[in-house]
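In the numbering used here, the protein residues as written are 7 to 145. Ideal Cβ placement from N, Cα and C applies to all residues, glycine included.
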Amino acid sequence: VGLKERLVFWRLWHPLPSNRVFSKLMDSDPRIDVENVRSKINPLPTDPSEQNRIWYGIYKKQRYEPIIFQLNQRFLILRDITGLFGLAIFLVPAATWVLSGAYVKAIFVELALFIIVSLSARNAGNRFALSVVNDFSHD
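Dropping the structure here:
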């Protein structure tokens, strides 16, 4: 797990949604047959690393399903854009200050764009992780 994931999910430790998919996220998705998941994985893990390990095992079996593949690609693209905006928060205001002195406005614009893109990436990542569990719950 790298800096880009930490920028997307604003967490230093266990930032990926797969680290909390069974303990926090799964119950919020009405598409998922929670009881079926509980019957297949008993007991459901609460440890973030264990949740990630089990989720990844499920994902590996579904990764080439068209919707799962597409959701993964969407998350990865938005994650990378978030990383670029995270870097731009420092570079664009510095360049703007050198060129025009209007760095305060540039900081606010970059920060707003970073927040919008990171929230979009977070939503895509959560949706991706939950869609894997959703497919698993209906197998």
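Proximity winner among the options, relative to residue i (alpha-carbon distances)
i, options, result
"Leu84", "Val43, Ile121, Val139, Glu56", "Ile121"
"Ile95", "Ala112, Phe81, Leu136", "Ala112"
"His20", "Met32, Glu56, Glu41", "Glu56"
"Leu9", "Leu93, Asn42, Met32, Phe75", "Leu93"
"Thr52", "Trp16, Leu97, Met32, Leu13", "Met32"
For residue i, the three-state DSSP class (helix, strand or coil)
i, result
"Pro54", "helix"
"Pro21", "coil"
"Glu11", "helix"
"Asp6", "For the chain, the structure presents residues 7 to 145; residue 6 sits outside this window and is missing."
"Arg133", "helix"
"Arg191", "The first residue shown for the chain is 7 and the last is 145, placing residue 191 beyond what the model contains."
Alpha carbon of residue i to alpha carbon of residue j, nearest angstrom
i, j, result
"His144", "Glu11", "29 Å"
"Val138", "Val123", "23 Å"
"Ile87", "Arg128", "12 Å"
"Ile38", "Ile64", "14 Å"
"Leu119", "Ser45", "42 Å"
"Gln68", "Pro36", "20 Å"
"Asp141", "Ile73", "10 Å"
"Arg80", "Leu18", "22 Å"
"Pro54", "Val115", "35 Å"
"Asn132", "Val110", "33 Å"
"Ser34", "Phe91", "29 Å"
"Ala135", "Leu22", "9 Å"
"Leu77", "Pro49", "28 Å"
"Glu41", "Ala130", "25 Å"
"Leu82", "Leu125", "13 Å"
Inter-stretch contact at 8 Å, needing at least 3 Cβ pairs: the stretch 58-73 / the stretch 10-29: By the C-beta criterion, the stretch 58-73 is judged to be in contact with the stretch 10-29, since at least 3 inter-stretch pairs fall below 8 Å.
Segments assigned beta strand (DSSP E), at least 3 residues, entirely inside the stretch 35-93: Whole beta strand (DSSP E) segments, 3+ residues: zero.
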